[in-house]
Amino acid sequence: MGKPLFYEILEKPASSCIIGICSAIWFYIQKKNIGYSNVGLSYETAIAGHYWRIITSAFSHISVVHLVFNMSALWSLGVVEQLGHLGLGIEFYLQYTLVLVVLSGVLVLLAYHILIQKFKLEYFRRVTAVGYSCVVFGWMTILAVKQPSSKLNLFGVLSLPISFAPFESLIFTSIIVPQASFIGHLSGIIVGYSIAWGLIHGMNNYWAISMLGWLILMFILSLKRTGAVDLPFIEIEPVTDPSLPAVGFIPSGNGRTLQMNILHGRGAELV
1 MGKPLFYEIL
11 EKPASSCIIG
21 ICSAIWFYIQ
31 KKNIGYSNVG
41 LSYETAIAGH
51 YWRIITSAFS
61 HISVVHLVFN
71 MSALWSLGVV
81 EQLGHLGLGI
91 EFYLQYTLVL
101 VVLSGVLVLL
111 AYHILIQKFK
121 LEYFRRVTAV
131 GYSCVVFGWM
141 TILAVKQPSS
151 KLNLFGVLSL
161 PISFAPFESL
171 IFTSIIVPQA
181 SFIGHLSGII
191 VGYSIAWGLI
201 HGMNNYWAIS
211 MLGWLILMFI
221 LSLKRTGAVD
231 LPFIEIEPVT
241 DPSLPAVGFI
251 PSGNGRTLQM
261 NILHGRGAEL
271 V
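Each residue of the sequence shown is one higher than the last, beginning at 1 in full-length UniProt numbering.
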């Protein structure tokens with residue numbers, strides 16, 4: 001007989017918090033009737049300066065099935081938090097979750113750029129990626145390298161040897177779920193191997209907090225510049241180089257009302 005759920009949550013606090021955040025965001029999106037095109041990541045929105053979508057796309061999900069599948073896999077992968085003796089553990093988990101979210105998103109955009117510019121596949125200009133799968137595939141890959149004897153349990157019924165799980169899952173989801181993002185999942189695997197093999201290393205609490213701070217700043221400034229959310233207490237004035245905005249704080253009553261850009265007709269990829 002397994003441990004009570006309460007004790008498992010205590011053993012996987014970071015995973016539990018992320019599952020709670022993703023679930024809360026899904027409920028909010030459903031309640032407010034927000035479309036995936038308003039939060040997802042696409043090449044077209046990225047070149048328009050919607051950098052905040054790298055974050056929102058990772059934590060948003062299209063359907064309850066999409067959410068449950070990703071969170072079930074993430075719950076199983078939460079064992080990483082308990083493997084401090086292998087150089088993993090909760091700090092490693094939190095630090096490299098940041099890396100996985102950002103780098104997998106950037107890698108997806110880079111792949112889209114190559115497909116569009118080199119191979120003239122304009123379809124990928126508007127494809128919108130949504131979901132936490134990039135990070136899930138990344139942790140699956142890290143665990144496959146660090147503890148290949150582990151198993152990945154899904155829904156309490158399906159158990160996969162973790163050493164083969166990344167590519168098995170990549171092929172399985174691509175066949176069974178036509179909307180599944182092959183590029184997104186592959187990006188997570190590539191970043192996962194880069195971390196597991198030490199190609200990306202050196203993260204500690206200082207760098208993680210610094211990275212989080214820059215991400216928050218980028219998130220807020222790109223929200224303001226694209227007009228996605230009204231932030232009347234921040235004013236961005238044009239300077240000589242428009243890529244380097246000047247930021248000032250003004251009284252909330254003087255801010256302009258900025259309308260959210262609604263994107264229509266975009267294909268969706270589940271990640």
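Ideal Cβ positions, reconstructed from N, Cα and C, are used throughout, including at glycine.
A distance of 9 Å or more separates the beta carbons of Ile216 and Tyr96.
Around the beta carbon of Cys134, 16 or more other beta carbons lie within 10 angstroms, which makes this residue buried.
Asn153 and Pro232 have their C-alpha atoms spaced approximately 47 Å apart. Where Ala14 is concerned, the enclosing alpha helix (DSSP H) starts and stops at Pro13 to Lys32.
Closest in C-alpha terms to Phe164, from the list Ser150, Ile176 and Ser174, comes Ser150. With a cut-off of 8 Å on Cβ pairs, the region 75 to 93 is not in contact with the region 33 to 40, counting fewer than three such pairs.
Counting only residues of its own chain and dropping the five nearest sequence neighbours on each side, Ile62 has a CB closer than 7 Å to the CB of Tyr36, Val130, Ala268 and Leu270. When secondary structure is reduced to three states using DSSP, Lys151 falls in the strand class. When secondary structure is reduced to three states using DSSP, Ala48 falls in the coil class, being assigned neither helix nor strand.
For the 9 Å CB-CB criterion, Val177 and Gly138 do not form a contact. As DSSP reads the structure, Glu269 sits in a beta bridge with Ala129. Around the CB of Lys12, 16 or more other CB atoms lie within 10 Å, so the residue is classed as buried. Under the three-state reduction of DSSP output, Pro178 falls in the coil class, being neither helix nor strand.
Annotation: Met211 to Ile55 spans about 13 Å, alpha carbon to alpha carbon. Within the model, the alpha-carbon separation for Trp207 versus Gly184 is close to 25 Å.
Look at the beta carbons and you see the region 8 to 23 touching the region 74 to 83: at least three pairs across the two are nearer than 8 Å.
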